[in-house]
Structures are given as structure tokens and as C-alpha cells.
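Just below is one structure, and these are the notes that go with it.
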């Protein structure tokens, strides 16, 4: 089973990396770029076929390691 | 218009960050985790309504700044 995890910074938390990317794009002439938010994207292969078990385990992985839930949100998708 | 950009490391390029995450998950007892790949996820607000123009500009942004096309692939989605 393949899992895709998206980790994003919460809406009300400052994103300095996003601001830096926005500034760089403006400097390069892409003036139409407004707010930029940068997050993480993970692809995991899971050696399991039980979907609900996989969801439980993935939630635990996100809570414990993949996301810092104080400042980040996460969501995931399962395939296969 | 809102754009979502996914930047991922090419399949045949080593991903040390992914290996580190996989190792950490194994150490924490998530033995079912196989290969892990880590990428970037960006959300951009674009002040434009012309979809094909936005696609051209986003491709330029990805080629010039957001992705290192030697070792990374990118794809994007446009909404609104």
C-alpha cells in the first residue's frame, strides 16, 4: 500500500521559508505571486493490506514524528 | 488563482532525508514502512485569471527557482 502525506504549516503560523520564496520570485520578475506557503510531501510504502490499520498507524507516525502538531497540520492519502 | 506545486526527488537519485525518516520510523516500531521519499509541497496565490498564462509562468518559476531539475521532478495543479 502506498501512502502520501502532506505536512503544512498552520494558517496562523508565520512561514519564513514561504516569505523567502515569495521575495525571490518577486525579485525574479514574478510579480503576480501572492502568499506562498511551503510544506512537506512524503511518499511511504507500507507493507500492509489492511486499510483501517494503515490509517491508524499513519496517524501515529504523523503525530509522533512526521509533523510537529503544535505548528503543523497533516493529511494523508492511501492507495492500493 | 491558487497553485499547488509538488517537488519530488527523481526515482534514481538517493534521498538521504527519506532514508533517515525510514530509519527513525523503524526505530519507533513502525516496521511495516518500506521506502520513504521526501519532497516539497508549495501553495502559491497567483494574481491572474488566465489559466494558460499561469501555467507558462508556473513552469518558469519551477524551472528557475522552485525545483532543481537535475535531481528533482515537479508537477503543479491550478485551482480557481
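Protein chains in written order, with this note's numbering: chain Y, 1 to 80; chain X, 101 to 180.
Backbone N, C-alpha and C define an ideal beta-carbon position, used for all residues, glycine too.
{"query": "Using 8 Å for Cβ pairs, my map puts residue 165 of chain X next to residue 28 of chain Y. What's the rounded Cβ distance?", "result": "7 Å"}
{"query": "Could you tell me the distance, in whole angstroms, from the CA atom of residue 135 of chain X to the CA atom of residue 125 of chain X?", "result": "11 Å"}
{"query": "Is the Cβ of residue 113 of chain X closer than 7 Å to any Cβ of chain Y?", "result": "no"}
{"query": "Taking C-beta pairs closer than 7 Å, name the residues in chain X that residue 23 of chain Y reaches, listed in chain order.", "result": "Neighbours of residue 23 of chain Y on chain X: none; closest Cβ ~11 Å, over 7 Å."}
{"query": "Taking Cβ to Cβ, would you say residue 161 of chain X is nearer than 7 Å to residue 30 of chain Y?", "result": "yes"}
{"query": "Between the beta-carbon of residue 14 of chain Y and the beta-carbon of residue 132 of chain X, is there less than 7 Å?", "result": "no"}
{"query": "For residue 176 of chain X, list the residues DSSP reports as bridge partners.", "result": "X:105"}
{"query": "For the region 139-151 of chain X, list every residue whose C-beta sits within 9 Å of some C-beta in chain Y, in sequence order.", "result": "139, 140, 141, 142, 143, 144, 145, 146, 147 and 148"}
{"query": "How about residue 61 of chain Y: is its C-beta nearer than 7 Å to some C-beta of chain X?", "result": "yes"}
{"query": "What residue from X:104, X:111, X:105 and X:103 has the CA that sits closest to residue 170 of chain X's CA?", "result": "X:111"}
{"query": "Indicate the three-state DSSP secondary structure (helix, strand or coil) for residue 153 of chain X in the structure shown.", "result": "helix"}
{"query": "I'd like to know whether the C-beta of residue 34 of chain Y is nearer than 7 Å to at least one C-beta of chain X.", "result": "yes"}
{"query": "Let me confirm a value: residue 39 of chain Y is counted as buried when at least 16 other C-beta atoms fall within 10 Å, else exposed. Which label applies?", "result": "buried"}
{"query": "Using only alpha-carbon positions, find the residue among X:168, X:118 and X:178 that is nearest to residue 153 of chain X.", "result": "X:178"}
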